[in-house]
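Asker: Under the numbering used here, the letters of the sequence shown match residues 1 to 340, in that order.
Backbone N, C-alpha and C define an ideal beta-carbon position, used for all residues, glycine too.
This is the structure, below, for whatever I ask next.
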Amino acid sequence: MAVLIEKGVDLEPLNTFGLPSRASRLVRVACEEDVHEVIAHPEVGRLPRFILGGGSNIVLTGDVSSLIIKVEVPGLELVETREDAWIVEVGAGESWHGLVEWTLARSLPGLENLALIPGTVGAAPVQNIGAYGLELAERFESLDVVELATGRTRTLGRGDCRFGYRDSIFKGKQAGSSLITRVRLRLPRPWQPVLGYPDLARLAEECCGRTPSPSEVFDRVCQVRRNKLPDPAVFGNAGSFFKNPVIPARQFLPLLEREAAIVHYPLSEDAYKLAAGWLIEACGWKGRSMGRTAVHDRQSLVLINRGGASGNEVMALAAAIQESVFERFGIRLEPEPAVL
Ligand SMILES: Cc1cc2nc3c(=O)[nH]c(=O)nc-3n(C[C@H](O)[C@H](O)[C@H](O)COP(=O)(O)OP(=O)(O)OC[C@H]3O[C@@H](n4cnc5c(N)ncnc54)[C@H](O)[C@@H]3O)c2cc1C
Numbered sequence: 001m002a003v004l005i006e007k008g009v010d011l012e013p014l015n016t017f018g019l020p021s022r023a024s025r026l027v028r029v030a031c032e033e034d035v036h037e038v039i040a041h042p043e044v045g046r047l048p049r050f051i052l053g054g055g056s057n058i059v060l061t062g063d064v065s066s067l068i069i070k071v072e073v074p075g076l077e078l079v080e081t082r083e084d085a086w087i088v089e090v091g092a093g094e095s096w097h098g099l100v101e102w103t104l105a106r107s108l109p110g111l112e113n114l115a116l117i118p119g120t121v122g123a124a125p126v127q128n129i130g131a132y133g134l135e136l137a138e139r140f141e142s143l144d145v146v147e148l149a150t151g152r153t154r155t156l157g158r159g160d161c162r163f164g165y166r167d168s169i170f171k172g173k174q175a176g177s178s179l180i181t182r183v184r185l186r187l188p189r190p191w192q193p194v195l196g197y198p199d200l201a202r203l204a205e206e207c208c209g210r211t212p213s214p215s216e217v218f219d220r221v222c223q224v225r226r227n228k229l230p231d232p233a234v235f236g237n238a239g240s241f242f243k244n245p246v247i248p249a250r251q252f253l254p255l256l257e258r259e260a261a262i263v264h265y266p267l268s269e270d271a272y273k274l275a276a277g278w279l280i281e282a283c284g285w286k287g288r289s290m291g292r293t294a295v296h297d298r299q300s301l302v303l304i305n306r307g308g309a310s311g312n313e314v315m316a317l318a319a320a321i322q323e324s325v326f327e328r329f330g331i332r333l334e335p336e337p338a339v340l
């Protein structure tokens, strides 16, 4: 079936920040063949492209002239039961949270810490999503991509994806060059809860020596997230706007002398991760508004659209925050979402 080229598409409902934007052309792909058809298409095949999932990690600063390829590949399947793991194969267009619920309903635990992260399964490896002490990389088996320049289909393993903190081969220089169509996840057996994060350690204490069940962990993660994070349906946002900076010891140790309260986690002898939210709050930004944008009053890492804001207004707020954090701490915060 020929892919349909939609023109002048309103992108406001397709990004969780609720930013106004129009795409001159958009195509929806539901299988690899659709992707091949787009690449070979006489009208759109040669246009610059942007791959779109659920639009929960992007900032649209204006209308988009690139071809938007919206990934809608379906499918959820348990493909292998090994002694040490279940392998689940998922279409890139499936909802991530839907996948977490699907696995738990089939007694295939392992993803519960990553509940309620918005967006699609195909985007999850792009920034190696993580929350509550778990990253996608720890549950990753392999994925399939179509290289958009050549049309070549490849399967990549964990090493090929070069996962890092909110990072992978799909970000940076190679961003947008490969379209992920399918992801396989590895859910280890026997299941062990991941309870290191303070809110989950509290759950373990409440269980008084009994191991909490996967659905108890899931429920707690959902409860904590609903309390802490703004619902994009109420205030548009893209989750954490900045990455937690990682700095070397030679930069960190003098800073600690000056700023004794700085929240930090040693990663190695030479690298420290700092809490970007703490840096932002220390600069007085928590809950502060700037025009139609603001810093969320319960979570300083989240920038919100108070209603009717443009992407440029969001980026102006982000720049003002970056400037104050740099002035006080000498650290340049790096935005997490893709900016178009
Ligand atoms: C309220 C809220 C809470 C959040 N909490 C978290 C959290 O706890 N942890 C976390 O890690 N993230 C979090 N996020 C960010 C976001 O949910 C994730 O990054 C998510 O994986 C983005 O999925 P998406 O489908 O919406 O991607 P999009 O926003 O559509 O795209 C994001 C990037 O991925 C690329 N991309 C998308 N699909 C594909 C594909 N199939 N192939 C290749 N490239 C693709 C896009 O080109 C873009 O560069 C949160 C966001 C919100 C709004």
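Looking at the secondary structure, which residues open and close the alpha helix (DSSP H) in which I321 lies?
Answerer: G311 to F329
Asker: Pick out whichever of R298, L19 and G308 has its Cα sitting closest to the Cα of G291.
Answerer: G308
Asker: Could you have a look at S215 and say whether DSSP puts it in helix, strand or coil?
Answerer: helix
Asker: By a C-beta neighbour count over all protein chains shown, 10 Å radius and 16 as the cutoff for buried, is P248 buried or exposed?
Answerer: exposed
Asker: Does the Cβ of S56 lie closer than 8 angstroms to at least one heavy atom of ligand 1?
Answerer: yes
Asker: If you count every other CB in all the chains shown that lies within 10 Å of the CB of V79, and 16 or more means buried, which is it?
Answerer: exposed
Asker: Three or more C-beta pairs under 8 angstroms: does that hold for the region 15 to 30 against the region 65 to 80?
Answerer: yes
Asker: Alpha carbons only, please: which of L143, Q192 and L187 is nearest the one belonging to I169?
Answerer: L143
Asker: Indicate, with yes or no, if ligand 1 has a heavy atom lying under 8 angstroms from the CB of G308.
Answerer: no
Asker: Just verifying my parser: in three-state terms, what is the DSSP assignment at D297?
Answerer: coil
Asker: Around the Cβ of E94, are there at least 16 other Cβ atoms within 10 angstroms (buried) or fewer (exposed)?
Answerer: buried
Asker: Since I believe V73 is in contact with V38 (beta carbons under 8 angstroms), could you give me their beta-carbon distance rounded to a whole number of angstroms?
Answerer: No, V38 and V73 are not in contact; Cβ-Cβ is about 13 angstroms, not under 8 angstroms.
Asker: If you drop the 5 nearest sequence neighbours on each side, which residues of the same chain put their C-beta closer than 6 angstroms to that of E77?
Answerer: Closer than 6 angstroms at Cβ, skipping near neighbours: E89.
Asker: Whole alpha helix (DSSP H) runs in the region 219 to 305 with 4 or more residues, listed along the chain?
Answerer: 249 to 258 and 276 to 282
Asker: Can you say whether T150 is buried or exposed, counting buried as having 16 or more other CB atoms within 10 angstroms of its CB?
Answerer: Result: exposed.
Asker: Check this for me: beta carbons of L99 and L111, under 9 angstroms apart or not?
Answerer: Yes, Cβ-Cβ distance for L99 and L111 is below 9 angstroms.
Asker: Please work out which residues of its chain come closer than 6 angstroms, Cβ to Cβ, to E281, disregarding the five sequence neighbours upstream and downstream, and give them in chain order.
Answerer: S300
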